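Below is one structure, written out as structure tokens; comments come after it.
Next comes the structure, spelled out in structure tokens:
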């Protein structure tokens, strides 16, 4: 884990070393969260971002996209549901990967 406020200054190093890529990344991010584009409304896209951020465990993305979801019109309950959907999927992945453990010992019987 890193301190966002302290470590964010190093974004300048990334930008200096790979300016075209950084520009493309921020352009892509801007397009994805542009309120005037897309089939999903902005609140829904932000809720998807909350769910993904929870599963990738990026605390900065979780905070940012939760706040942006509410600002875009999502309720506190909708943010909570996005978190729980992400948690369910993450737990489901653990269970289904557990099949490998069971398979490995079944083959030894």
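Residue numbers (full-length UniProt numbering): 1 to 109. All C-beta atoms in this analysis are idealised placements derived from N, C-alpha and C, irrespective of residue type, glycine included. Computed from a predicted model, the values in this text were never measured in an experiment.
Endpoints, the alpha helix (DSSP H) within which residue i is located
i	result
residue 15	11-17
Cβ-Cβ distance between residue i and residue j below 7 Å
i	j	result
residue 47	residue 78	yes
residue 191	residue 43	Since the first residue of the chain shown is 1 and the last is 109, residue 191 is not available in this structure.
residue 54	residue 22	no
residue 110	residue 6	A query on residue 110 cannot be resolved here, the shown segment of the chain reaching from 1 to 109 and no further.
residue 66	residue 50	yes
Within the UniProt domain "Carboxymuconolactone decarboxylase-like" (19-103), ranges of the beta strand (DSSP E) (whole runs, at least 3 residues) | Unbroken beta strand (DSSP E) runs of no fewer than 3 residues, entirely contained in the UniProt domain "Carboxymuconolactone decarboxylase-like" (19-103), are not found.
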